[in-house]
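If you count the sequence shown from 1, position 83 lands on 95 in our numbering, and the numbers rise without skipping.
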Amino acid sequence: MGQRCFDTVIFDMDGTLTDSVPLITEAVAEVISHYRLPAQSPRQLKRFVGPPLRIGFKQYLDLPEERLDEAVEVYRRYYRPRMTEVPLFSGIENLLCHLHRDGVKTAVASSKLEELVRDIAEATGMSPYLDWVAGTQEKAGTSAENPSDVANPQIRRGKEGVIRYALDQLAALAPPGRVVMVGDRADDYRAARNIGIDVIGVSWGAGSREEFPGAPWVTSVSELQNMLLSTSK
């Protein structure tokens with residue numbers, strides 16, 4: 013019998029495990045309405061899925077720095093009461109169950125606040141199959157765009173920092189072995205490449221094949237399961 017190709021799988025959450033794109037875009041539309049900004053198309057709204065909220069609001073809504081905290085609060089007032097109603101994509105629970113049963117270590121790494129990620133993991137029934145759940149932790153006086161934040165596990169602002177933190181926690185349990193990141197957006201791809209781990213893109217989220225140049229791209233959960241549980245000869 014061959015050796016398993018992957019020993020540890022790090023999952024993005026929104027658009028990869030959870031079918032949360034509709035709720036995220038609704039919450040962004042609420043922010044746009046709050047500031048009486050021009051409406052955006054469904055395709056434009058999908059750009060907000062993946063990157064941290066402040067970066068998305070600054071880049072795609074052109075909000076000034078002094079409005080970003082307020083915009084995030086407007087977003088969360090709409091999002092929080094509804095977030096635990098978001099379903100898993102069909103087949104995801106079965107995939108996580110198989111990985112857990114076969115001894116593959118798993119974690120979620122999300123750009124959301126960690127407390128929200130944990131609440132969603134619990135509400136959707138993912139928690140029993142996960143070895144770790146990681147999200148961002150905001151601290152006053154830090155910047156999500158400061159490169160020094162990425163390597164600081166106490167700050168964890170940005171996808172790369174969250175993945176590194178999750179890997180550190182998993183390594184404390186057992187050697188991580190060969191690691192792969194599974195996600196749907198370019199920030200998942202870039203973070204994995206910067207860290208030096210494998211990455212797989214999924215088609216059912218908010219991203220596109222072009223966001224994962226040179227990386228495997230799967231179009232069904234069953235295809236992803238086969239890839240994650242495959243063995244080398």
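Even for Gly, the Cβ is constructed at its ideal location relative to N, Cα and C.
C-beta contact flag for residue i and residue j at 9 Å
i      : j      : result
Phe18  : Leu240 : yes
Ala218 : Gly27  : yes
Ile175 : Ile212 : no
Tyr87  : Glu42  : yes
Arg16  : Ser242 : yes
Ala133 : Ile22  : no
Ser148 : Glu126 : The sequence shown places Thr at residue 148, rather than the Ser named in the question. Yes, these two residues count as a Cβ contact at 9 Å.
Glu105 : Tyr141 : yes
Coarse secondary structure for residue i, derived from DSSP in three states
i      : result
Ala152 : Interpretation of Ala152 is limited by its pLDDT of 41, a score under 50 that renders its predicted location unreliable; the figure taken from the coordinates is listed afterwards. Note: Ala152 maps to coil in three-state DSSP.
Gly173 : helix
Gly213 : strand
Gly195 : strand
Arg190 : coil
Thr96  : helix
Ala178 : helix
Asp114 : coil
Phe18  : coil
Ala146 : strand
Thr37  : helix
Asp74  : coil
Phe60  : helix
Phe23  : strand
Counted within 10 angstroms of its Cβ, other Cβ atoms place residue i as buried (16 or more) or exposed
i      : result
Ala121 : buried
Asp114 : exposed
Leu179 : buried
Arg197 : buried
Asp81  : exposed
Leu49  : exposed
Glu223 : buried
Pro64  : buried
Where the beta strand (DSSP E) containing residue i begins and where it ends
i      : result
Ala121 : 117 to 125
Integer-rounded CB distance, given that residue j should sit under 8 Å from residue i
i      : j      : result
Pro188 : Lys117 : 7 Å
Leu107 : Gln237 : 5 Å
Asp4   : Pro99  : The requested residue 4 is not part of the displayed model; the chain covers only 13 to 245.
Ala135 : Glu172 : 27 Å between Cβ atoms; not a contact.
Phe101 : Trp216 : 6 Å
Start-to-end residues for the alpha helix (DSSP H) that takes in residue i
i      : result
Phe224 : From DSSP, Phe224 is part of no alpha helix (DSSP H); its letter is neither H nor E.
Pro54  : 54 to 57
Leu241 : Careful: Leu241 lies outside any alpha helix (DSSP H) and carries neither H nor E.
Arg89  : 77 to 91
CB contact check: residue i to chain B, cutoff 9 Å
i      : result
Tyr141 : In the structure shown, chain B cannot be found, because there is only a single protein chain.
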